[in-house]
Amino acid sequence: QKRINRGKISYFDDNLRMQLERIRRLNDRLSFAVQDGSLSLVFQPIIDSNTNLPSSVEALLRWQMDGEPVPPDEFIPIAEQYGMISEIGLWVLKNACIQGLEFQRIIPDLSISVNVSVMQLQGQKFVVEVADILRKLSFPADKLHIEITESVFAKDKSTFLSTVKSLQELGARISIDDFGTGYSSLSSMLDIGVDIVKIDKTFIQDVDKKGLSIVNAVVQMASSLSFDVVAEGVETIDQSEKLYSLGVSHLQGYYFSKPLDASSLCTYLESIKKA
Ligand code: C2E
Ligand code: CA
Ligand code: CA
Ligand code: CA
366 QKRINRGKIS YFDDNLRMQL ERIRRLNDRL SFAVQDGSLS LVFQPIIDSN
416 TNLPSSVEAL LRWQMDGEPV PPDEFIPIAE QYGMISEIGL WVLKNACIQG
466 LEFQRIIPDL SISVNVSVMQ LQGQKFVVEV ADILRKLSFP ADKLHIEITE
516 SVFAKDKSTF LSTVKSLQEL GARISIDDFG TGYSSLSSML DIGVDIVKID
566 KTFIQDVDKK GLSIVNAVVQ MASSLSFDVV AEGVETIDQS EKLYSLGVSH
616 LQGYYFSKPL DASSLCTYLE SIKKA
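Structure below.
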């Protein structure tokens with residue numbers, strides 16, 4: 366009996382120790398990532414359902430730790446927890462804009478969508494830093510879409526509202542990511558004067574059931590409040606046709622394109638320009 370218990374305890378011990386060691390290693394390597402060239406961006410088109418052409422591309426962060434790809438869902442929480450997200454986030458913003466300028470040489474109206482974590486928004490200097498990047502690169506502010514998750518509404522709302530307002534005054538557009546998964550009600554969209562709502566992929570992939578009512582509600586609201594709606598995670602032709610017929614203005618997902626590296630995206634943009 367005792368032996369079995371001891372076995373269990375040391376099994377859990379080992380497991381916990383391995384997890385802690387992994388976090389420590391990620392944390393350690395991640396602190397060099399901005400300098401050592403192990404970060405990169407991939408880009409996934411967002412399709413305008415009226416024209417069937419990309420109106421924006423979302424920049425998604427990639428990290429190779431000692432050559433091993435680590436998914437953002439694993440390393441971004443660590444970057445947030447250990448105070449690295451601001452520096453990494455600025456790297457993302459700057460490099461997304463630099464690439465965006467390249468893409469705009471092919472499709473002049475193309476916007477770039479950048480994910481920004483709630484922690485970055487809390488930084489005192491964030492708005493100034495965004496303004497700085499835009500000015501230094503001469504990047505058109507109205508072509509920058511800032512994606513924030515609706516969890517911003519769960520925290521200190523008034524602070525976030527003023528940050529969001531300042532970003533909009535710069536000319537940037539605010540996109541609410543993962544809509545429907547968190548705490549915010551559609552009425553929060555009223556307060557914030559949001560520009561874009563991205564409906565979370567769980568509802569899109571379930572578009573015949575519960576998803577349908579969410580999509581409908583957002584589309585209704587969008588027409589009176591005039592924000593754009595993006596359906597993310599569209600994987601099949603059935604989903605895409607359903608979403609078209611529901612009046613969703615923008616679509617994104619593997620059905621249209623996976624996230625692509627910058628040069629593949631350029632090839633893709635060239636090919637649709639010719640077509
Ligand atoms: P997200 O912003 O909701 O991004 C959508 C995720 O869904 C991406 O995963 C994308 O590759 C994936 N995806 C796209 N189309 C489809 C589809 O049709 N089906 C399915 N099943 N998935 C699809 P990824 O790149 O692993 O990113 C995961 C999350 O990490 C992102 O979720 C975002 O929250 C975060 N993230 C990524 N890049 C950044 C960044 O630069 N900064 C911050 N703060 N967070 C980032
Ligand atoms: Ca996003
Ligand atoms: Ca999302
Ligand atoms: Ca997400």
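First residue of the sequence shown: 366, per UniProt numbering; consecutive thereafter. Where is the CB? At the ideal position from N, CA and C, for every residue including glycine. Predicted model, so just to flag it, every value in this text is computed and none were measured.
Inset, instruction - Please list, in chain order, all residues of the same chain as A587 whose beta carbon is under 8 angstroms from its beta carbon, the five residues on each side excluded. - result: Within the sequence shown, residue 587 is the residue found at index 222, counting from 1. Once the five neighbours on either side are set aside, the close Cβ partners of A587 are V562, D593, V594, S614.
Inset, instruction - Whole angstroms is fine: what's the gap from L630's alpha carbon to S605's? - result: The residue given as residue 630 occupies position 265 in the sequence shown. The residue given as residue 605 occupies position 240 in the sequence shown. So the alpha carbons of these two residues sit roughly 21 angstroms apart.
Inset, instruction - Compare the beta carbon distance of V422 and I477 with 8 angstroms and say whether it is the shorter of the two. - result: Translated into positions along the sequence shown, residue 422 becomes position 57. Translated into positions along the sequence shown, residue 477 becomes position 112. Going by C-beta atoms, V422 is nearer than 8 angstroms to I477.
Legend entry - Given 8 angstroms, three or more beta-carbon pairs between the stretch 459 to 473 and the stretch 429 to 441: no
Inset, instruction - Look at the alpha carbon of L486 and the alpha carbon of F525, and state the distance between them as a whole number of angstroms. - result: Locating residue 486 in the sequence shown gives position 121, counting from the first residue. Locating residue 525 in the sequence shown gives position 160, counting from the first residue. So the two alpha carbons sit approximately 7 angstroms from each other.
Legend entry - Presumed contact (8 angstroms Cβ cut-off) between R394 and D431, rounded CB distance: Here residue 394 corresponds to residue number 29 of the sequence shown, with the count starting at 1. Here residue 431 corresponds to residue number 66 of the sequence shown, with the count starting at 1. That pair is a contact at about 7 angstroms.
Legend entry - Nearest-angstrom Cα separation, counted from L418 out to A398: Here residue 398 refers to the residue found at position 33 of the sequence shown. Here residue 418 refers to the residue found at position 53 of the sequence shown. Approximately 34 angstroms, taken between the alpha carbons.
Legend entry - Contact belief for D542 with E512 at Cβ below 8 angstroms, rounded distance in angstroms: Here residue 542 is taken as the residue at index 177 of the sequence shown, counted from 1. Here residue 512 is taken as the residue at index 147 of the sequence shown, counted from 1. In this structure D542 touches E512 by the C-beta definition: roughly 4 angstroms separates them, less than 8 angstroms.
Legend entry - DSSP three-state assignment for T601, whether helix, strand or coil: Working through the sequence shown from its first residue, we reach residue 601 at position 236. Under the three-state reduction of DSSP, T601 is assigned to coil, being neither helix nor strand.
Inset, instruction - Report back the beta-carbon spacing between Y617 and Q409 to the nearest angstrom; my notes put them in contact at under 8 angstroms. - result: Taking the first residue of the sequence shown as 1, we reach residue 617 at position 252. Taking the first residue of the sequence shown as 1, we reach residue 409 at position 44. Residue 617 is actually Gln in this sequence, not Tyr. Indeed, because the Cβ distance is near 6 angstroms, the residues count as touching under 8 angstroms.
Inset, instruction - Look at the alpha carbon of A582 and the alpha carbon of V559, and state the distance between them as a whole number of angstroms. - result: Here residue 582 is taken as the residue at index 217 of the sequence shown, counted from 1. Here residue 559 is taken as the residue at index 194 of the sequence shown, counted from 1. Answer to the nearest angstrom: the Cα atoms are 16 angstroms apart.
Legend entry - Contacting residues, own chain, Cβ-Cβ under 6 angstroms from Y619 (five flanking each side not counted): As a position in the sequence shown, residue 619 is number 254, starting the count at 1. Hits under 6 angstroms: E600.
Inset, instruction - Could you tell me if E534 is buried or exposed, where buried requires 16 or more neighbouring beta carbons within 10 angstroms of its beta carbon? - result: Reading the sequence shown from its first residue, position 169 is the one you call residue 534. Its Cβ having fewer than 16 others within 10 Å, E534 is exposed.
Legend entry - Exposed unless 16 or more other CB atoms sit within 10 angstroms - verdict on T416: Here residue 416 refers to the residue found at position 51 of the sequence shown. Looking at its Cβ environment, which holds fewer than 16 other Cβ atoms inside 10 Å, T416 is exposed.
Legend entry - C-alpha distance - K367 paired with Y376, whole-angstrom precision: For the purposes of this step, residue 367 is identified with residue 2 of the sequence shown, where counting begins at 1. For the purposes of this step, residue 376 is identified with residue 11 of the sequence shown, where counting begins at 1. Bear in mind that the predicted position of K367 carries a pLDDT of just 48, short of 50, making it unreliable; the figure below should be weighed with that in mind. Counting only the Cα atoms, Y376 lies some 14 angstroms from K367.
Inset, instruction - With distances taken Cα to Cα, identify the nearest neighbour of S414 among E635, K623, Y609. - result: What you label residue 414 is simply residue 49 of the sequence shown in a count that begins at 1. When each option's Cα is compared against that of S414, the closest is Y609.
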